[in-house]
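Here the structure comes first, spelled out in structure tokens, and everything after it is commentary.
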Amino acid sequence: MAKAFVIAETENGARELCAGARSIADGVVLCIAGAPAVTGVADSCVHIDVPAGNVVDDAYASVIKAFDASGADVVLAEQTLHALSLVGRLAAAKGAAAIAGVTELDGDVASSMYFGGTGVRTAKPATDVKIYTVVAGTFDAAAATGTDAVEEVAFEAPAAAVVKTGSEALPPASVDLAGADAVVACGRGFQAEEDLQFARDLAAKIGAEVGCSRPLSEGVTWFPREAYVGVSGQMISPKIYFAIGVSGQMQHMVGCAGAGTVVAINKDKNAPVFKQCDYGFVGDLKMVLPELTAAL
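Counting in the numbering used here, the sequence shown runs from 19 upward without gaps.
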């Protein structure tokens, strides 16, 4: 079997990708730049401390050296901004083929959605070094195993390095859809913001995160951007997904295509969501949700 090199930015992403790497490789090396090292998930963790005056993207020279030293021929990368930038540099340096948006990996054959999620494409890299960027939720983070070994690798600034003159921390994310086993998603069927409490009550009862369709995030701004599920938002794979007041348009349903079970609630019996769910309730959400919550 091959040896895998994992590029991650977050702890949960590292756990997921290292778990997936174990299924296709004998050895797993995790590489993290500009974020805390994660242990117990790989055979070793290569950690690159990025100086305050530099940007994570410029750690690519150090990442490439770490990859060369690892002896790996398979790369799995988290789909975050910094990880994508680093893996893109690595692919260019190695002349390697890269497949993006992977939702399933069988050996070296990757499945990914295309044409806005209307189809699934299978492909495999034709180069010796095989690179995949992986959608969150594709692998089971709980299955990750490894050692506490950490190798500190020096940051090597490129000749044309970006100089960071300042930064401002964003507010912490109020929702973690990618790591949730259950998600309650709200759509345009919610006519008033106060009605969202019905969804929050259900979520609290079952230990779920609350998400939304695009109009509730970018239209009326009832939800933060990170709560939006859809083709240009979050792509998630919870065990159960409640689509409440969601019509079921393709742009939204692509985002929850990896869900184990989909439950829909909509007062329109002809809503497209009922053709894409496992269980459906036809009725006013303000009547159905309280009864469902009480019954659980």
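Beta carbons: idealized from backbone N, C-alpha and C, even for Gly. In this text the structure is predicted, and so the values were computed from the model without any measurement.
One or two residues paired with residue i in a DSSP bridge
{"i": "C204", "result": "C230 and I262"}
{"i": "N284", "result": "V300"}
{"i": "T156", "result": "DSSP lists no partner for T156."}
{"i": "S7", "result": "In the structure as shown, the chain begins at 19 and stops at 314. Residue 7 is therefore absent and cannot be evaluated."}
{"i": "G38", "result": "In DSSP, G38 forms no bridge with anything."}
{"i": "T151", "result": "A95"}
{"i": "H100", "result": "Note: H100 sits in no beta bridge, so no partner."}
{"i": "A144", "result": "In DSSP, A144 forms no bridge with anything."}
{"i": "H270", "result": "Paired residue(s): none; H270 is not in a bridge."}
{"i": "A115", "result": "K148"}
{"i": "I50", "result": "A26 and H65"}
{"i": "T279", "result": "I258"}
Sequence-distant residues of its chain with Cβ nearer than 8 Å to residue i (five each side left out)
{"i": "V171", "result": "V64, H65, I66, S80, K83 and A84"}
{"i": "T156", "result": "E34, G38, V120, T121, E122, L123, S255 and G276"}
{"i": "A114", "result": "V93, L108, P143, T145, D146, V147, K148 and I149"}
{"i": "K293", "result": "G266"}
{"i": "T165", "result": "T57, G58, A60, D61 and S62"}
{"i": "V180", "result": "N72, V73, D75 and D76"}
{"i": "D315", "result": "In the structure displayed, the chain extends from 19 to 314; residue 315 sits before or after that span and is not available."}
Same chain, Cβ closer than 6 Å to residue i, neighbours up to 5 away in sequence not counted
{"i": "E174", "result": "A79 and S80"}
{"i": "K112", "result": "V147"}
{"i": "L104", "result": "I25, Y78 and V81"}
{"i": "T279", "result": "I258 and D296"}
Environment of residue i [buried if 16+ CB atoms lie within 10 Å]
{"i": "Q209", "result": "exposed"}
{"i": "Y246", "result": "buried"}
{"i": "D199", "result": "exposed"}
{"i": "E34", "result": "buried"}
{"i": "N284", "result": "buried"}
{"i": "G205", "result": "buried"}
{"i": "R243", "result": "exposed"}
{"i": "M305", "result": "exposed"}
{"i": "D75", "result": "buried"}
{"i": "E212", "result": "exposed"}
{"i": "Y297", "result": "exposed"}
{"i": "A22", "result": "buried"}
{"i": "E309", "result": "exposed"}
{"i": "R139", "result": "exposed"}
{"i": "D61", "result": "buried"}
{"i": "S185", "result": "exposed"}
Helix, strand or coil at residue i [DSSP, three-state]
{"i": "E29", "result": "helix"}
{"i": "F216", "result": "helix"}
{"i": "E211", "result": "helix"}
{"i": "D44", "result": "strand"}
{"i": "E169", "result": "strand"}
{"i": "F241", "result": "coil"}
{"i": "V24", "result": "strand"}
{"i": "V247", "result": "strand"}
{"i": "T311", "result": "helix"}
Own chain partners of residue i with C-beta closer than 7 Å, once the 5 adjacent residues on each side are dropped
{"i": "A162", "result": "R33, C36, A37 and V59"}
{"i": "T4", "result": "What the structure shows of the chain is the stretch from 19 to 314, and residue 4 is not part of that stretch, so it cannot be assessed."}
{"i": "A316", "result": "Residue coverage of the chain in this structure runs from 19 to 314, which leaves residue 316 outside it and unanswerable."}
Below 8 Å, how does it come out for the region 86-93 and the region 147-163: are there three or more Cβ pairs, yes or no?
yes
Should the region 21-29 be regarded as contacting the region 91-108, the criterion being three or more beta carbon pairs within less than 8 Å?
Proximity of the region 21-29 to the region 91-108 meets the contact definition, three or more beta-carbon pairs being nearer than 8 Å.
Check whether the region 265-281 touches the region 248-255, taking contact to mean three or more Cβ pairs, one atom from each stretch, closer than 8 Å.
Judged by Cβ distances under 8 Å, the region 265-281 makes contact with the region 248-255, as three or more pairs qualify.
Under 8 Å, with one C-beta from each stretch per pair, do the region 115-126 and the region 151-167 reach the 3-pair mark?
yes
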